[in-house]
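In our numbering, the protein residues as written are 232 to 749.
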C-alpha cells in the first residue's frame, strides 16, 4: 500500500521550539543529505527536513498509527502531568524555549511544577487584592452617597479610603512576605531538648516541616525523645491529611552532648552538618537552676554546674555555631535564652542563675558588633516563666501561687516562639513570649487565673505532658486573640495610630467650621 507523506521544512536552529516532534522516537528514514523522517533526532545538515504521515490515513478510532504510538510513549515516559490551559502553554513556551525539554524528564517535570506553583500563588494573591479593592470601592461609593454631595465630607471619605488602602496594602504585603518566609524547611539545632521547653520547641519546629537535631547529656533520653518526636510527626501527617505536603522533608535526629565540654559541642556541630548539610537556626536552650534559696546555701558543685551550663555552655555553643554559619552562603541565626536577671535586675534567691543570664546579655551586645559585617544573626529568645522542672525545682507554695498568673505550659510558649524564630531577619532581635498584648490580657484576666495551675496547697492541677499531647493537633490549629494582634508589626500599629490622628483632625476641622463664630 502506498504511503502518502507530508513534507515539513524546519531549520535546524529552530529545533528546540519544535516541541511536538522533538522527542518522537521511531525508525529513521533518511532521504538524502540533511533529510530525515519525523520522530528521530538525528544529525542533519544545516537545514533539516521532516517527513510526517498524512492525517488522511487514520485508524478506526480516528487516530493515526503515529499518534497512537506517540500517546503510548508519552504515557510511559510521564514527561508532564495532566493539565491544560494557560499553565501548560506558558510552561511549554518558557521552558521549551530554553531547551529544557531536551534534558532529563524528571528535571523538566520539576521545573514545570515549580512554575505552576509560583504562578498559581501569584494569581491567588493578586485575585485577593483585586477582590479587596473592589469591596473597598463599594464602601467608598456608599460613603460618597451618604455624604449628600457635601464637599468636605466627600473629601474626608476619600482621604480615609486612600489611607485605608495604603495601610491595607502594607499589611497584606507583610502577610504575603511572612507566608513566603515560612515556606521551606529549616535546619535547627536545639541543646537541652529532651524535656520541657526544649522538647516543645523541637516538636513545634518538626511539625512546621523543619529538620531538627536534639541534644542532651543522656544518650538514653536523646533516643527516647527522637522516637517520641517521630511518633508526633507521624500523627501530625495523618491529622493534616492532604495538607501535609510541608511535612515531607521533616525529620529528627539526636546526639548526646554535654554543652560544658568543648569536644562534645564540636561533635554536635559536626553531626548536625553531616546529617542536615547546613545549620539555619541554633538555639542554646540548655540550662540549670538549683532552686530558690540564698547564695550561702548553694554548694560548690551547684554553683559550678549552673555557671558551666548556663554561661560557659552557651558561649561554647555560640562559638561553634558561628564557626559553621560564617562559612555558609546564607549564614544562620543563633538564639540565646533570656531569663530572670537578663536586664540587670536583682534576682534574690536565684543569684547564681540571674548572674549567668546577665552575662549572656553582655555576650549578646559584644557579638552584635563582632558579627556586624557577617551573615550570622545573634538574637535572644525570652520564653517568660514556663512550667518546667527547671522553674519548679525548689519553688515554695508562695511561688506556685504566683505561677498561676504569669506561667504558661511549654507547648503554648513554643507555639508562639517558633513561627517568629523561623522568619527572623538581621541580627539583635528579641523574640519574647510576654508581649504587651499578652501582658495586658494577663492583667485583665488576673481574677480568672487563680488556681489555674496549682491549688491552695500547691498541688499541680495541670495535666501531665503525655496527656496534654493527646490533643496537641487541636491546640496547634487553635487561633487566639493575641495571635491576631501580633500578626501586625509595630510599624503597622504606628501607621494605624497616625492615620487615626489625621482622620480625627480632619473631622474636627470640618465640624468646628460649621459653628457660629469660628
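Backbone N, C-alpha and C fix where the C-beta goes; we use that ideal spot for every residue, glycine too. All of these numbers come straight from a predicted model, not from anything done at the bench.
Interface flag, residue i vs chain B, CB-CB below 8 Å
i: residue 602; result: You won't find chain B in this structure, because it holds only one protein chain.
Alpha-carbon spacing of residue i relative to residue j, whole angstroms
i: residue 316; j: residue 347; result: Residue placement at residue 316 is flagged as unreliable, the pLDDT there being 44, under the threshold of 50; the coordinate-derived value follows with that caveat. So the alpha carbons of these two residues sit roughly 11 Å apart.
i: residue 468; j: residue 383; result: 57 Å
i: residue 251; j: residue 512; result: Any reading at residue 251 needs caution, since the residue's pLDDT is 41, under 50, leaving its predicted position unreliable; the model's value is listed next. Roughly 47 Å between the two C-alpha positions.
i: residue 627; j: residue 431; result: 25 Å
i: residue 615; j: residue 535; result: 24 Å
i: residue 679; j: residue 695; result: 22 Å
i: residue 428; j: residue 337; result: 42 Å
i: residue 580; j: residue 349; result: 56 Å
i: residue 268; j: residue 507; result: In this prediction, residue 268 scores a pLDDT of 42, lower than 50, which makes its location untrustworthy; the coordinate-derived value is nonetheless stated afterwards. Each residue's Cα considered, the two are about 50 Å apart.
i: residue 519; j: residue 424; result: 13 Å
i: residue 387; j: residue 381; result: 10 Å
i: residue 598; j: residue 609; result: 7 Å
i: residue 355; j: residue 341; result: 21 Å
i: residue 543; j: residue 357; result: 51 Å
i: residue 458; j: residue 396; result: 50 Å
i: residue 670; j: residue 498; result: 40 Å
i: residue 641; j: residue 586; result: 24 Å
i: residue 699; j: residue 681; result: 21 Å
i: residue 359; j: residue 372; result: 20 Å
i: residue 651; j: residue 374; result: 39 Å
i: residue 563; j: residue 351; result: 30 Å
i: residue 602; j: residue 613; result: 21 Å
i: residue 345; j: residue 433; result: 29 Å
i: residue 646; j: residue 533; result: 32 Å
i: residue 370; j: residue 376; result: 10 Å
i: residue 658; j: residue 625; result: 36 Å
i: residue 442; j: residue 415; result: 10 Å
i: residue 365; j: residue 390; result: 17 Å
Contact check, residue i vs residue j, beta carbons under 8 Å
i: residue 486; j: residue 446; result: yes
i: residue 500; j: residue 437; result: no
i: residue 582; j: residue 565; result: no
i: residue 444; j: residue 484; result: yes
i: residue 674; j: residue 685; result: no
i: residue 465; j: residue 620; result: no
i: residue 649; j: residue 435; result: yes
i: residue 540; j: residue 490; result: yes
i: residue 611; j: residue 567; result: yes
i: residue 600; j: residue 689; result: no
i: residue 644; j: residue 607; result: no
i: residue 363; j: residue 392; result: no
i: residue 537; j: residue 584; result: yes
i: residue 653; j: residue 417; result: yes
i: residue 488; j: residue 422; result: yes
i: residue 549; j: residue 515; result: yes
i: residue 471; j: residue 460; result: no
Beta-bridge partners of residue i, as assigned by DSSP
i: residue 418; result: 442
i: residue 566; result: 514, 610
i: residue 602; result: For residue 602, which the question treats as bridged, DSSP gives no partner whatsoever.
i: residue 617; result: 639
i: residue 483; result: 443
i: residue 685; result: 691
i: residue 662; result: 612
Assigned secondary structure, residue i (DSSP; H/G/I helix, E/B strand, else coil)
i: residue 630; result: helix
i: residue 492; result: coil
i: residue 751; result: Because the chain is modelled from 232 through 749, residue 751 falls outside the range shown and cannot be assessed.
i: residue 314; result: With a pLDDT of 42 at residue 314, under the threshold of 50, the modelled position of this residue cannot be trusted, and the question is left open.
i: residue 571; result: coil
i: residue 523; result: coil
i: residue 668; result: helix
i: residue 580; result: coil
i: residue 656; result: coil
i: residue 458; result: helix
i: residue 381; result: coil
i: residue 285; result: For residue 285, the predicted structure reports a pLDDT of 46, less than 50, and the residue's modelled location is therefore unreliable. A value from the coordinates is still provided. Here residue 285 sits in coil by DSSP.
i: residue 448; result: coil
i: residue 509; result: coil
i: residue 624; result: coil
i: residue 359; result: helix
i: residue 748; result: Residue placement at residue 748 is poorly supported in this model, since its pLDDT is 46, which falls under 50; the coordinates are not used for a value here.
i: residue 647; result: helix
Check: residue i C-beta below 7 Å from any heavy atom of the ligand ZN
i: residue 442; result: You won't find the ligand ZN in this model; it holds no ligand whatsoever.
- Message: Within 8 Å, do at least three Cβ pairs link the stretch 552 to 560 to the stretch 568 to 581?
- Response: no
*May I ask you to verify whether the stretch 584 to 604 touches the stretch 625 to 644, counting CB pairs closer than 8 Å and requiring at least 3?*
no
- Using 8 Å as the threshold, is the stretch 453 to 461 in touch with the stretch 662 to 670, meaning 3 or more CB pairs across them? no
**Message:** For the stretch 514 to 525 against the stretch 492 to 499, do three or more pairs of beta-carbon atoms, one drawn from each stretch, fall closer than 8 Å, so that the two count as touching?
**Reply:** no
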